[in-house]
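So the sequence shown is numbered by this note's numbering: it starts at 2 and just counts up by one. Positions of the beta carbon are idealized from the N, C-alpha and C atoms, including for glycine.
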Amino acid sequence: MNIHRIVQLANEELDPLQRIEGFSVWKEYDFPRTTTLKIQKFKVKEMILNQNKKENSELISDSFLSLLANVSRKNPSEIKENSVLTSDLGLDSLSRLELVNYLEQEYRVDMEDSIINSKTTVADLRKLLEKKEKTKKQRGLWLWLNNPAGQTIREFLDIVIQRSVYSLFFDLEVHGLSNLSNLKGPGIFIANHTSYLDQPAIMSALPREIRYKIASATREEFFFSEEGTSFIKKILFPFAMIAGNVFLLPQKSGFRESLSFMGSLIDNGVSILIFPEGTRTRNAKLQEFMSGLGLMVKEFQVPVVPVRIFGMEKIYPRGAKVPRKGKCRVIFGKPIEFTTQTPNEIVEISRKAIFDCRR
């Protein structure tokens, strides 16, 4: 096993103050010694410093490829210098966050996952790592919306505007509200994704004490694409932020700051709603979840509430230009407490919990 991977595994089992911050591999048979067999520490230090200078690029290459292989679950031999991180290695936004966290620990640099975009190759990332480039600040993260004033504004807009508008599109049937009675603090609500109206339906189904203290993640690329932003979306964006307490969760880059923002929400007693499939389904079937959901749950240590939506695939399916009124059913499952499960196990259990939300 690669020595960097060994140290990484050891650090995962140690308290933060006990973790290995740095190490060197001694390649000689023995240390230089005096005539009385005492180790000549000054020579050891000098040789290590010279060795590190000489082999720095080689060490970066070896550990870098090892980390890429670990995060992407690829064989190191499959990873080429011109491999694109997103398309060739299959790294989504949360996988890129995991990679950046490992790189920060390995090389003691301050990075953001927004340095990785849809065209970044292995060679590009290595160069960026060596330069330790800083990144732009993530947009669409307004914490003030979750203070009492923000919640009051949101409730007013909900009563005056949103309820009457949404009633034009769907009739709501809610099940499983009793499952939320034991939710004493913030949690992560996870739901299947079939329509742009999924978030309004879930918000409408929630009891008042939760409805205005929950923030919803939405793809940044929906509002701000590489092709530009339409006039309608420019107007819709601030309204969605204020009235729906939406925050931007980029799929291509910049997820790390959004994760920090989510941590601040949790710390302030605000729950989070996410759609771990990452995109709307085309056939109403539950898709695979983004692998980073497990990292998120592991980081925040709050209950996960599964939510299942039925009917939106007929009311406003993917590809439809306008909604067609119909009946929507929202089912809340029992909150799940995760303790010792691995991130992959968390993803599997969470997906099954949504699938099992039936009535």
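With C-beta atoms as the reference, is residue i less than 9 Å away from residue j?
| i | j | result |
| --- | --- | --- |
| Phe248 | Trp143 | yes |
| Leu98 | Leu237 | no |
| Met204 | Gly245 | yes |
| Val363 | Val331 | An answer regarding residue 363 cannot be provided, because it is not within the stretch 2 to 360 covered by the chain. |
| Val101 | Gly188 | no |
| Gln41 | Glu107 | no |
| Asn83 | Val123 | yes |
| Cys329 | Leu198 | yes |
| Asp31 | Ser292 | no |
| Ser115 | Ser96 | no |
| Gly334 | Asn180 | yes |
| Arg220 | Glu289 | no |
| Ser259 | Leu250 | yes |
| Ala285 | Glu314 | yes |
Could you check what DSSP says for residue i in three-state terms: helix, strand or coil?
| i | result |
| --- | --- |
| Ile21 | coil |
| Asp31 | coil |
| His194 | coil |
| Gly177 | coil |
| Pro336 | coil |
| Gly327 | strand |
| Phe225 | coil |
| Ala218 | strand |
| Ser182 | coil |
| Ile7 | helix |
| Leu92 | coil |
| Ser45 | It is worth fixing the name first, because residue 45 is Val in this sequence and not Ser. Helix at Val45. |
| Ile117 | coil |
| Gln84 | A small fix is needed here, since residue 84 is Ser in this sequence, not Gln. Of the three classes helix, strand and coil, the one that applies to Ser84 here is coil, per DSSP. |
By Cβ distance below 6 Å, which residues in the same chain neighbour residue i in space, the five residues on each side in sequence not counted?
| i | result |
| --- | --- |
| Thr87 | Ser119 |
| Glu59 | Unreliable placement is indicated for Glu59, whose pLDDT of 46 sits below 50; the coordinate value is still reported in the next sentence. Excluding residues within five positions, none has a Cβ falling inside 6 Å. |
| Pro77 | Leu66, Ala70 |
| Asn57 | Confidence is the limiting factor: at Asn57 the pLDDT is only 46, short of 50, which leaves the residue's position unreliable, though a coordinate-based value still follows. Answer for Asn57: no residue qualifies. |
| Arg283 | Arg319 |
Can you tell me where the alpha helix (DSSP H) holding residue i begins and where it ends?
| i | result |
| --- | --- |
| Pro149 | 149-158 |
| Ser165 | 164-167 |
| Leu130 | 123-132 |
| Ile211 | 209-212 |
Within the continuous beta strand (DSSP E) that includes residue i, where are the two ends?
| i | result |
| --- | --- |
| Phe311 | 305-311 |
| Leu296 | Unbroken run through Leu296 is the alpha helix (DSSP H), 294-301; no beta strand (DSSP E). |
| Val247 | 247-250 |
| Ser351 | Segment 344-356 is the alpha helix (DSSP H) holding Ser351; no beta strand (DSSP E) there. |
Short of 7 Å in beta carbon distance, which residues of its chain neighbour residue i, apart from the five on each side in sequence? Order them along the chain.
| i | result |
| --- | --- |
| Val298 | Ile189, Val305, Phe339, Ile347 |
| Arg422 | Residue 422 is absent from the model: the chain starts at 2 and stops at 360. |
| Ile4 | Val26 |
| Phe24 | Val8 |
| Glu349 | none |
Who are the Cβ neighbours of residue i in its own chain at under 8 Å, not counting the five residues just before and after it?
| i | result |
| --- | --- |
| Lys326 | Leu169, Phe170, Phe171, Asp172, Ile316 |
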